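Only one structure is covered here, and it is reproduced in the block below.
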Amino acid sequence: MADSKKKQVPLRLSEKLYNAIAAWAEDDFRSVNGQIEYLLTECVRQRKKNGKYVSEHLDEPLDLDIK
Numbered sequence: 016m017a018d019s020k021k022k023q024v025p026l027r028l029s030e031k032l033y034n035a036i037a038a039w040a041e042d043d044f045r046s047v048n049g050q051i052e053y054l055l056t057e058c059v060r061q062r063k064k065n066g067k068y069v070s071e072h073l074d075e076p077l078d079l080d081i082k
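Residues in the sequence shown are numbered consecutively from 16, following my numbering.
The structure is reproduced here in structure tokens:
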């Protein structure tokens with residue numbers, strides 16, 4: 016059985032990205048931490064499924080137009 020202990024990871028996000036994730040989390044009735052964990056889990060699941068990253072441009076800065 017896999018160890019279910021979670022690791023703590025410090026994470027720095029731009030204010031715009033944090034606000035976008037926070038709004039999304041609220042829409043999905045999750046905490047910001049829960050939303051980030053959900054999104055990362057989905058990305059890993061997708062990569063395992065088809066062997067590709069979600070985006071070919073993951074290292075490029077995000078251009079979020081959030082009002």
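Beta carbons: idealized from backbone N, C-alpha and C, even for Gly.
Predicted, not measured: the structure shown is a model, and the values here were computed from it.
By the Cβ-count criterion, Gln50 is buried, with 16 or more other Cβ atoms from all chains shown falling within 10 Å of its own Cβ.
When secondary structure is reduced to three states using DSSP, Arg62 falls in the helix class. The beta carbon of Ser46 sits closer than 7 Å to the beta carbons of Ala40 from its chain, once the five residues preceding and following it are set aside; these are given in chain order. The three-state secondary structure of Leu28, taken from DSSP, is coil.
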